[in-house]
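To keep things clear, I will list the structure first and then write my remarks on it.
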Amino acid sequence: MSRLASLLLVLGLTAGQSSAWQASRVAPEPGATSCSEHFVIEAENEAQARALTPRLEAVYRANVRLARELRLEVNSPAGKLAVLLLRDYADFQSRLRADGLDEQILGYFSPAENRCVFFDFNTHPAVNGLRQELDKLHRQDEGRRRRLAAQIDQSLAGMNQRILQHEAAHMVQANIGLIPPESNAPTWLVEGLAEMFELPFVETGASLGLSVNRYRLREFQQLQRGEELLPALRRLVATTSWHGGADYSLAWALTQYLYVRQRTNFGAYVRAVTTADEAPAGGTLEQFENIFGPLDGEFAARFAAYMEGLIARHLTPQDEVRSRAAP
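When we follow the numbering used here, the leftmost residue of the sequence shown carries the number 250, and every step to the right adds one.
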């Protein structure tokens with residue numbers, strides 16, 4: 250695996266990873282605090298905290314817009330949403346070890362604390378390695394310098410989209426009532442809705458949640474097979490098992506499909522699974538089929554045709570999925 254591919258590991262938390270949902274045993278690092286309309290950000294200095302504000306506020310606005318499109322009630326959070334930005338990768342690793350969390354994680358939302366925790370992505374070892382290599386190049390290697398600089402920009406953009414925006418989406422959705430932490434929402438829906446916001450950042454939030462996640466689309470193209478699609482969909486919807494990368498791409502694809510093709514029913518489904526005290530006697534599959542109809546060969550065929558259309562419109566034959574361990 251290349252350094253760039255290794256850097257683009259996007260390792261988030263799922264509802265099934267219970268250790269990640271516990272309150273941290275480590276006190277927040279002291280630092281500067283910056284407040285925006287909906288967030289309070291603690292960082293090493295105020296400039297670092299303020300730099301996160303536009304992206305976080307864009308994620309918030311886009312989630313509110315999505316909830317309203319689905320005709321769901323939007324609650325006002327009880328207070329500002331907390332974000333802790335640790336100084337560097339080493340500090341973040343120390344926190345993960347102290348809390349007994351997976352050291353591959355690059356950012357997370359803790360419902361127990363109602364807070365997101367990140368670190369300055371510029372301090373990730375792979376980014377540092379690329380910068381050191383860039384610094385060693387002489388002027389005559391301008392072409393190589395431009396390629397390395399582009400790799401650094403691409404790496405940081407990937408982490409911001411698939412870690413920071415993803416985890417911030419979890420926090421916003423929990424606090425505006427889209428996916429309440431105490432609800433029985435299935436993991437595929439929780440993750441699929443967060444993946445809707447892994448998109449290029451614009452301050453208006455216009456691209457977040459409303460366009461196609463090309464990274465997950467490339468991933469879907471590589472990981473999903475036509476003859477295996479129906480069994481994979483039924484397992485995703487009907488069970489609590491979670492198969493890492495393949496399920497993240499499938500969860501995004503199913504969420505995207507239902508949002509575009511069955512938006513009214515999708516809103517009704519989100520409302521049903523987040524307000525019900527428990528799943529119906531027939532389980533989560535029955536709950537799904539009560540709203541969307543049978544999850545059978547015809548459903549899989551319509552879904553596959555939609556995804557093939559997205560691939561044809563948004564990907565080129567040269568597109569390759571970068572290897573990674575988990576989203």
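For each residue, glycine too, the CB sits at the ideal point set by N, CA and C.
- Your pair D337 and D384 does not check out as a contact, with CB atoms roughly 18 Å apart and the cut at 8 Å.
- Taking 8 Å as the cut-off, the Cβ atoms of V323 and F288 do not count as close.
- Its Cα nearest to that of E535, the residue Y518 stands out among E547, Y518, R551, A549.
- Secondary structure of R364 (DSSP, three-state): strand.
- Looking at the DSSP output, A281 bridges to A292.
- Rounded to the nearest whole angstrom, the CA to CA distance from L397 to L379 is 7 Å.
- Burial check for P435: the Cβ neighbour count within 10 Å reaches 16 or more, so the residue is buried.
- With fewer than 16 neighbouring CB atoms inside 10 Å of its own CB, P529 falls in the exposed class.
- Assignment of V451 by DSSP, reduced to helix, strand and coil, places it in the coil class.
- In this structure, DSSP gives S460 a state outside helix and strand, which the three-state scheme calls coil.
- Cβ atoms of L321 and G441 stay farther apart than 8 Å, at about 15 Å.
- Of all C-beta pairs linking the segment 393–407 to the segment 487–498, fewer than three are shorter than 8 Å, placing the two stretches out of contact.
- The bridge partners DSSP lists for L334 are F367.
- The alpha carbon of L564 has as its nearest neighbour, out of F469, L386, A281, A296, the alpha carbon of F469.
- DSSP places F552 in the uninterrupted alpha helix (DSSP H) bounded by 546–563.
- In the pairwise beta carbon analysis, the segment 460–476 is classified as not touching the segment 413–431: fewer than three pairs are separated by under 8 Å.
- With at least 16 other beta carbons inside 10 angstroms of its own, V308 counts as buried.
- An exposed status is given to R562, since fewer than 16 other beta-carbon atoms sit within 10 Å of its beta-carbon.
- Its Cα nearest to that of A553, the residue A502 stands out among L301, V486, E416, A502.
- Our two residues, A361 and L427, have alpha carbons roughly 17 Å apart in a direct line.
- For S359, the enclosing beta strand (DSSP E) starts and ends at 357–359.
- Taking 8 Å as the cut-off, the beta carbon of N424 is found no closer than this to the beta carbon of E444.
- Judged by DSSP in its simplified three-state form, D526 adopts coil rather than helix or strand.
- About 5 Å separates the CB atoms of L334 and F367; that is less than 8 Å, so the two are in contact.
- Look at K385 here: in three-state DSSP terms it is helix.
- Nearest to V376 by alpha-carbon distance, out of D351, I354, G349, A406, is A406.
- Per the C-alpha coordinates, the member of L319, T523, E477 positioned closest to G546 is E477.
- Scanning L499, S283, Q353 for the CA closest to the CA of L330 turns up S283.
- Of the other Cβ atoms in all chains shown, fewer than 16 fall within 10 Å of the Cβ of N294; this residue is therefore exposed.
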